[in-house]
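Participant: End of the sequence shown = 393 in the working numbering, gap-free, step of one. For glycine and all other residues, C-beta sits at the position ideal for the given N, C-alpha and C.
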Amino acid sequence: MNKRIFLSPPHMGGNELSYIQEAFESNYIAPLGHNVDTFEAQIKSYTGAKYALALTSGTAAIHLALRVLGIKEGDEVMASTFTFIGSIAPILYERCTPFFIDSDTASWNLDPNLLEEELSHRASTRKKQPKALILTHLYGQCADVKRIATICEHYGVHLIEDAAESLGATYEGKQSGTFGKMGIYSFNGNKIITTSGGGMLVSDDEALISHARHLSTQARDNAPHYEHTEYGYNYRMSNIVAGIGRGQMEVLPERIERRREIFEYYRKAFSEVPEISFMPELKGSLGNRWLTTLILPEHLSPERIRLSLEEQNIESRPLWKPMHAQPLFHGTKGRLNGVSDMLFQRGICLPSGSSLSTDELEKITFHLKAVMAHN
Ligand SMILES: Cc1ncc(COP(=O)(O)O)c(C=O)c1O
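1. By alpha-carbon positions, which one of L346, E328, W308, A388 ends up nearest to I23?
2. Mind listing, in chain order, the residues whose beta carbon lies closer than 6 Å to a non-hydrogen atom of ligand 1?
3. So the beta strand (DSSP E) G365 belongs to, where does it begin and stop?
4. Using a Cβ-Cβ cutoff of less than 8 Å, which residues in the same chain neighbour L87 once the five nearest sequence positions on both sides are dropped?
5. Please determine, among L25, A59, A79, G32, the residue with the shortest C-alpha to C-alpha distance to A230.
6. Going by DSSP, what residue range makes up the alpha helix (DSSP H) through A78?
7. Is it the case that the segment 354-361 contacts the segment 106-122, given that we only count it when at least three CB pairs across the two stretches are under 8 Å?
8. Among the residues of its own chain, which have a CB less than 6 Å from the CB of M218, if the five just before and after it don't count?
9. So, helix, strand or coil for P298, using DSSP?
10. Considering only the alpha carbon of each residue, which of I366, A287, T311 lies closest to R324?
11. Is Y189 near G302, with beta carbons less than 8 Å apart?
12. Can you tell me where the beta strand (DSSP E) with E245 in it begins and where it stops?
13. Helix, strand or coil for D377, going by three-state DSSP, please let me know.
14. Would you check if there are 3 or more beta carbon pairs closer than 8 Å linking the segment 152-172 to the segment 265-273?
15. What does G396 pair with, by DSSP beta-bridge criteria?
16. Near W308, which residues of its chain fall below 8 Å by C-beta distance, leaving aside the five closest residues on each side in sequence?
17. By alpha-carbon positions, which one of T213, A260, I166 ends up nearest to E136?
18. Given that a residue counts as buried once 16 or more other Cβ atoms are within 10 Å of its Cβ, and exposed if not, what is G402?
19. According to DSSP, which residues form a beta bridge with G201?
20. Return the chain-ordered list of same chain residues with a C-beta closer than 6 Å to the C-beta of P404, the five sequence neighbours on each side being excluded.
21. Under the assumption that I274 contacts G186 (Cβ atoms under 8 Å), give the Cβ distance between them as a whole number of angstroms.
22. Could you name the residues of the same chain whose beta carbon sits closer than 6 Å to that of A287, not counting the 5 residues immediately before and after it, in chain order?
23. Whole angstroms are fine: how far does the CA of L133 sit from the CA of A59?
24. So Y8 packs on N53, CB below 8 Å; how close in whole Å?
25. Please specify which runs of the alpha helix (DSSP H), each continuous and at least 4 residues long, are wholly inside the segment 92-152, giving them in chain order.
26. With which residues is D239 paired in a DSSP beta bridge?
27. For T77 and F205, what's the separation of their Cα atoms in angstroms?
28. Just how far apart, CA to CA, sit N20 and A237?
29. Is the CB-CB distance between C160 and L361 below 8 Å?
30. Check whether the Cβ atoms of T235 and R254 sit closer than 8 Å, and answer yes or no.
31. Taking the straight line between their C-alpha atoms, what separation do you get for H385 and I47?
32. With distances taken Cα to Cα, identify the nearest neighbour of N34 among G352, L314, S214, E171.
33. Rounded C-beta distance between A41 and G51? I'm assuming under 8 Å.
34. Between which two residues does the alpha helix (DSSP H) holding I274 run?
35. Given a cut-off of 8 Å, decide if H342 and T99 are closer than it, judged by their beta-carbon atoms.
36. Would F102 pass as a contact of W338 if the rule is Cβ separation under 8 Å?
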């Protein structure tokens with residue numbers, strides 16, 4: 019069998035093991051230590067966020083954001099419908115009610131017009147506004163985040179940016195994840211940089227991050243016998259895992275450059291097929307192109323293409339199934355326009371790992387073109 023080509027495998031930089039070794043030498047085999055502090059400092063310096071908190075996952079980071087923003091049982095939280103479940107599950111952990119907003123075709127991300135329509139309709143009919151909006155920058159491409167942040171501010175809605183997939187993506191030079199009240203990144207095994215599993219919560223608000231830090235370590239009050247006035251979680255990142263993050267941060271700019279090159283390779287390779295459209299990049303923004311994603315011509319079934327690539331041991335994936343279409347959210351309200359349904363029906367993600375060789379890219383495009391020609 020051919021060597022498998024994965025969608026987005028881990029790509030180590032080279033220094034990760036030495037930082038893990040350091041942790042062993044210092045015996046900080048614990049959810050604190052020099053690697054954790056350094057990884058947080060690197061994220062702050064890279065993104066420009068004033069405060070950062072390293073956690074066990076991106077999902078944990080979103081959960082803590084909801085907790086520290088005071089979102090409580092019964093509150094309503096708006097969110098992008100075109101996202102991964104990790105964005106939304108924390109809304110359910112807190113027994114809050116999600117309300118989904120669809121995408122636009124300009125960004126494939128949350129449609130600011132739909133958001134504004136919904137919030138202004140509520141304002142004019144004196145309906146309750148949501149407490150927060152969880153905005154996803156999908157596949158590493160920025161949503162229209164500046165406008166969305168302005169809308170949220172106008173209506174008093176906390177903006178939480180789910181930048182799990184978009185570390186390093188910028189909008190007018192500012193990093194995704196730093197426009198809202200809080201932002202999160204994920205370092206899951208398939209992300210642009212990985213720590214095997216992990217996440218980061220960022221904010222410019224010191225009190226919010228300090229409260230999140232408290233909650234992430236079982237909410238232990240300052241007493242030798244462990245006193246608790248509220249409940250927390252065991253969400254802090256391990257010093258071993260953070261060693262991987264430290265090494266990965268050193269190569270992040272190279273990883274973004276390579277992912278963008280891979281995107282350009284596919285774009286050029288399929289430039290003669292006018293019915294194909296790639297995920298756009300909003301004017302003023304620069305995505306990290308975590309995954310190259312595209313909409314196929316109407317007559318081609320993404321599942322047929324996926325199975326044909328699978329026969330060559332090439333991994334591809336449908337676009338995320340929107341949350342409003344998930345059985346879990348049957349009956350959940352939202353403001354929808356059909357865009358994310360169309361993207362799910364017609365879209366596909368291609369292998370995009372930064373370690374892909376040119377030979378592998380040639381092989382993928384060769385097979386993809388062959389399947390397209392025969393379907
Ligand atoms: C858009 C999005 N949100 C949230 C998450 C959750 O991150 P994690 O897997 O680190 O919990 C992920 C990735 O897994 C994601 O892709």
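Facilitator: In brief:
1. E328
2. S75, G76, T77, T101, F102, G104, S105, T154, D180, A182, E183, S204, N206, G217
3. 365-368
4. K149, A150, H176, I178, K199, M200, L226
5. A79
6. 76-86
7. yes
8. I61, A70, A72, Y203
9. coil
10. I366
11. yes
12. Note, E245: premise wrong, no beta strand (DSSP E); not H, not E.
13. helix
14. no
15. Missing from the structure shown is residue 396; the chain here goes from 19 to 393 and no further.
16. S26, Y157, G158, E183, S184, K209, I210, R277, S370
17. I166
18. What the structure shows of the chain is the stretch from 19 to 393, and residue 402 is not part of that stretch, so it cannot be assessed.
19. E179, V220
20. Only positions 19 to 393 of the chain appear in the structure, and residue 404 is not among them; the question remains open.
21. 5 Å
22. T383
23. 34 Å
24. One cannot answer for residue 8 here, as it falls past the ends of the chain, which runs 19 to 393.
25. 103-111, 130-142
26. E245
27. 11 Å
28. 50 Å
29. no
30. yes
31. 46 Å
32. For clarity, residue 34 is Glu in the given sequence; the question names Asn instead. Nearest of G352, L314, S214, E171 to E34, Cα basis: S214.
33. 6 Å
34. 257-287
35. yes
36. yes
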